[in-house]
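To start, the structure under review is shown below, and the notes come after it.
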Amino acid sequence: MLVSFVFIWCLFELIETRCPKNLRYRSVDGSCNNLRHPTWGQAGTAQRRLVDINGRPMVSYEDGKSLPRGFPNRLPDPRLVSNVVSDPALGPYNQFDKIRTGQHMAFGQLLAHDFIETDIPSGIDCCDRSDPNFGNPDVCFPFDICYGDERFPPGCKNFIRAKPATEDPYLPFLMKTDPGNLLPTQNGGKCLKISKRDRCPLAGDRRNNEAPNLGLNHLLFVREHNRLSTKLHELNPCWSNETVFQETRRIIIAQVQHITYNHFLPLVVDHDTMRRYKLYSKTNGFDNVYDDSVDASILNSFGIAPWRYGHSQIMAEQSELQSDYRTVFEHKVEDNLQSPHLWQRSYGKHVTSLTRWLATKPALKIDNFLVEGIRDKLFFITSPPGSDLYSLNIQRGRDQGVPAYNEWRKFCGLRKFRSFDDFEKFGSNLAAVYESVDDVDLFIGGLLEEGENGSVGPTFSCIIGIQFERFKVGDRYWYESSDLDFAFTKDQLNSIKSASSLSKIYCTNFGLNDIQDDIFKIPCSKNSLSYCRDLPDLDLYLWEDKTCAWTTHPSGSGNDPIDC
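Residue numbers (mature numbering (1 follows the signal peptide of the UniProt record, and there is no 0)): -17 to -1, 1 to 547.
What follows is the structure in structure tokens.
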């Protein structure tokens, strides 16, 4: 026992020496954010489980160890569930949101990919008896497509179980651009090439080509980084390239944190959740919320179900709008998945027309419906006949041992459903496939709830609120901190709070002439279009280093203008 204690203490001391307390900049992979627990929140580490009031982890494997919930066939096939909850008779079907724009959906996907990556092994066919992994429950969890399905042929549908953690080798491409101010490319990249001129761009996320809106948002922040870094270099010619890069990155992170918590998140969860978990930022000044006992790591349950609410927001078409905001072209979502063609073609000349669409046109309502392009035709071009995102979400939750919907209602202090009648109009459909109300999957039950003003319902709000509270309170570098080692000045912080809007960032980097004040809300009388030049911008003069002087630096000093 004493030997173990000494070993653990020495290991902790070793890690401590690698994490100086006065580091000004957060690490790229999130390590050393927490000095007591340097791997908390680090990329490539395992996701965490919430714990109930009795101290038991919220996990539900069929054998209590690792077999998927419902394995092998205790629960209904996920495609069958997908079909019954997508019944148009339960409509209205695929309604447009009355508040949220397509950019609200797109920004949520950007955050999802920043937070979470589930590593799925490739080259395995769990439906092929000749595959070495066939029948291995540690690797394979296929499901059946029933006879009579209107889209897919009956039989086995491949499903490979997830690895516990992922490494990301794409970070070096974070802020680079190619000619045309587009994301960089390299030979051998993987994406769907619709035109011979298409190239597969790279970004800080290997999945940036998954949808055009995702690639556009990566491009947005690359351009914003390079815009700010150029101005900071002009203001502070004595700064090294590394200092310019890190200070710019620091500002961008603060902008994203402010926008996420004060503009984006209040349209995801209700006002009570925002207040209960203290998610709003202060209007002005510092707020020292950091608690080193809080683990800011990703919660398994968060990424598997609640944060996938955005799949219901995805529109059936991706459009291009002229400067008068009239539609020019519409492109089916299923035809452009895994392809950068829409925004990359003609050296990026169509970027602005696509961003007008995202900025002003409504997303779909958050509900139980997914459009045909992702429910029946997901990746059908590259992997015919395609997949059903609904089914994959259900099966992934079971694969990861996420407890059923009713268990999460209990966890969140909500009344457990006693019968299918509690699901009201959805009850008879669910009863036709599930044996018990206690079997209903979290992703299904959560989507069937209705929230305030079109937000997610109470169960998803609960889990999302807990996760974002942990992101905030568990972040030593939270942008409102007054820690002298890395804090902004009060004037800098107030400028970030008053001038950080995604609308301004869009305008500045995508060549728009006008935009509404809040890009996450559709234009209306209270959110009307304004000239971009009239929107407030960061006062970068607040970052001017008074100790800098215009001097001639020795050759090779690393202080020449940088081209990220």
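Each residue gets a CB set at the ideal place from its N, CA and C atoms; glycine is no exception.
If we count the other Cβ atoms within 10 Å of its Cβ and call it buried at 16 or more, is Ser402 buried or exposed? Within the sequence shown, the letter at position 419 stands for residue 402. Exposed: under 16 other Cβ atoms inside 10 Å.
For Ala89, which residues from the same chain have a beta carbon less than 6 Å from its beta carbon, with the 5 sequence-adjacent residues on both sides left out? Here residue 89 is taken as the residue at index 106 of the sequence shown, counted from 1. Within the same chain, Ala89 has close Cβ partners Asn196, Asn200 and Leu341.
Using the C-alpha atoms, what's the distance from Val67 back to Ile297? Stepping through the sequence shown from its first residue, residue 297 is reached at position 314. Stepping through the sequence shown from its first residue, residue 67 is reached at position 84. Using only the alpha carbons, I get a separation of about 20 Å.
Can you find at least 3 beta carbon pairs, one from the segment 256 to 274 and one from the segment 508 to 526, that sit closer than 8 Å? no
Hey, Asp14 and Thr22 are a contact pair by Cβ (cut 8 Å); roughly how many whole angstroms apart? If you number the sequence shown from 1, residue 14 lands on position 31. If you number the sequence shown from 1, residue 22 lands on position 39. Note on residue identity: the sequence assigns Ser, not Asp, to residue 14. Right, the Cβ-Cβ distance comes to about 6 Å (below 8 Å), so this counts as a contact.
Straight-line gap, Thr335 to Val227 (C-alpha atoms, nearest Å): Here residue 335 refers to the residue found at position 352 of the sequence shown. Here residue 227 refers to the residue found at position 244 of the sequence shown. When rounded, the distance between both Cα atoms is 28 Å.
Quick one: is Cys139 buried, meaning 16 or more other Cβ sit within 10 Å of its Cβ, or exposed? By one-based count along the sequence shown, residue 139 stands at place 156. Flag for Cys139 reads exposed.
For Lys140, which beta-bridge partners are listed by DSSP? Residue mapping note: residue 140 aligns to position 157 of the sequence shown, counting from 1. Paired residue(s): Phe126.
Three-state secondary structure assigned by DSSP to Phe285: Start at 1 with the first residue of the sequence shown, and residue 285 comes out as number 302. Residue state, collapsed to three classes: helix.
Taking 9 Å as the cut-off, decide whether the C-beta atoms of Ser478 and Ile502 are in contact. Along the sequence shown, read from residue 1 onward, the residue named residue 478 stands at position 495. Along the sequence shown, read from residue 1 onward, the residue named residue 502 stands at position 519. Against a cut-off of 9 Å, the Cβ pair of Ile502 and Ser478 comes out as no contact.
When you compare each of Gln499, Tyr489 and Ser508 to Leu202 by their alpha carbons, which one comes out closest? Position 219 of the sequence shown, counted from the first residue, corresponds to residue 202. The shortest C-alpha separation from Leu202 is found at Tyr489.
Out of Ser481, Asp371 and Ile446, which has the shortest C-alpha to C-alpha gap to Asp127? Numbered from its first residue, the sequence shown carries residue 127 at position 144. The candidate whose alpha carbon is nearest that of Asp127 is Asp371.
Out of Asp318, Pro367, Val385 and Glu300, point me to the one whose CA is closest to Val311's CA. Position 328 of the sequence shown holds residue 311. The residue with the shortest Cα to Cα distance from Val311 is Glu300.
Residue 597 by DSSP, collapsed to three states: which one? This structure does not reach residue 597, given that the chain is present from -17 up to 547, and the question cannot be answered.
Using a threshold of 9 Å, state whether the C-beta atoms of Gln240 and Tyr388 are closer than that. Counting from one through the sequence shown, the residue named residue 240 turns up at place 257. Counting from one through the sequence shown, the residue named residue 388 turns up at place 405. No.
DSSP three-state label for Glu300, please. As a position in the sequence shown, residue 300 is number 317, starting the count at 1. DSSP places Glu300 in strand when its eight states are reduced to three.
If you follow the alpha helix (DSSP H) that Val456 is in, where does it begin and where does it stop? Along the sequence shown, read from residue 1 onward, the residue named residue 456 stands at position 473. Note, Val456: alpha helix (DSSP H), Pro441 to Val456.
With a cut-off of 8 Å on the beta carbons, I'd call Leu262 and Glu45 a contact; round off their distance for me. By one-based count along the sequence shown, residue 262 stands at place 279. By one-based count along the sequence shown, residue 45 stands at place 62. Actually they do not touch by this definition, with Cβ atoms about 35 Å apart.
Can you tell me where the alpha helix (DSSP H) with Tyr292 in it begins and where it stops? On the sequence shown, residue 292 is found 309 positions in, with the first residue counted as 1. Here Tyr292 belongs to no alpha helix (DSSP H), and DSSP marks it neither H nor E.
By the 10 Å Cβ neighbour count, where 16 or more other Cβ atoms means buried, how is Gly85 classified, buried or exposed? Counted from its first residue, the sequence shown places residue 85 at position 102. Gly85 is buried by the Cβ-count criterion.
Figure out for me which residue from Asn219, Pro137, Lys146 and Asp111 has the closest Cα to the Cα of residue 553. In this structure the chain extends from -17 to 547, so residue 553 is not present and cannot be described.
Are Pro61 and Ser374 closer than 9 Å when you measure CB to CB? Position 78 of the sequence shown holds residue 61. Position 391 of the sequence shown holds residue 374. For Pro61 and Ser374, yes; Cβs fall inside 9 Å.
Taking only three categories from DSSP, how would you classify Thr149? Numbered from 1 along the sequence shown, position 166 holds the residue referred to as residue 149. Because the pLDDT of Thr149 is 41, which lies under 50, any placement of that residue in the model is unreliable, and the number read from its coordinates should be weighed accordingly. Correct three-state label for Thr149: coil.
Go ahead and label Lys81 buried or exposed: buried means 16 or more other beta carbons lie within 10 angstroms of its beta carbon, across all protein chains shown. Residue numbering aside, residue 81 sits at position 98 when the sequence shown is read from its first letter. Classification for Lys81: exposed.
Apart from the five residues on each side of it in sequence, which residues of its chain come closer than 7 Å, Cβ to Cβ, to Leu397? Your numbering for residue 397 matches position 414 in the sequence shown. Excluding positions up to five away in sequence, the list reads Pro441 and Thr442.
Sheet register partners of Leu341 (DSSP bridge): Against the sequence shown, residue 341 aligns to sequence position 358. Beta-bridge pairing links Leu341 to no other residue.
Take the Cβ of Gln378 as the centre, count every other Cβ of all protein chains shown within 10 Å, and call the residue buried at 16 or more, exposed below. Counting from one through the sequence shown, the residue named residue 378 turns up at place 395. Buried, because 16 or more other Cβ atoms sit within 10 Å of the Cβ of Gln378.
Which residues bound the alpha helix (DSSP H) around Ser486? For the purposes of this step, residue 486 is taken as residue 503 along the sequence shown, with counting starting at 1. Run containing Ser486: Leu485 to Phe493, per the alpha helix (DSSP H) assignment.
Reducing DSSP to helix, strand and coil, say where Lys348 ends up. By one-based count along the sequence shown, residue 348 stands at place 365. Note: Lys348 maps to coil in three-state DSSP.
Three-way DSSP call (helix, strand, coil) for His20 in this model: Indexing the sequence shown from 1 puts residue 20 at position 37. If DSSP states are grouped into helix, strand and coil, His20 belongs with coil.
For the alpha helix (DSSP H) that Glu313 lies in, which residues bound it at each end? Taking the first residue of the sequence shown as 1, we reach residue 313 at position 330. Premise fails: Glu313 lies in the beta strand (DSSP E), Thr310 to Lys315, not in any alpha helix (DSSP H).
Are the beta-carbon atoms of Arg39 and Gly380 separated by less than 9 Å? Against the sequence shown, residue 39 aligns to sequence position 56. Against the sequence shown, residue 380 aligns to sequence position 397. Cβ atoms of Arg39 and Gly380: not closer than 9 Å.
Output needed for Pro3: all residues of its chain with C-beta closer than 6 Å, excluding positions within five of it in sequence on either side, in chain order. What you label residue 3 is simply residue 20 of the sequence shown in a count that begins at 1. Taken in chain order, the list of residues that qualify is empty.
For Arg83, report the span of its beta strand (DSSP E) as first-last. On the sequence shown, position 100 is the one that residue 83 refers to. That run of the beta strand (DSSP E) goes Phe79 to Thr84.
Rounded to whole angstroms, what's the CA-CA distance from Lys504 to Tyr244? Just pull it up for me. Here residue 504 refers to the residue found at position 521 of the sequence shown. Here residue 244 refers to the residue found at position 261 of the sequence shown. Roughly 15 Å between the two C-alpha positions.
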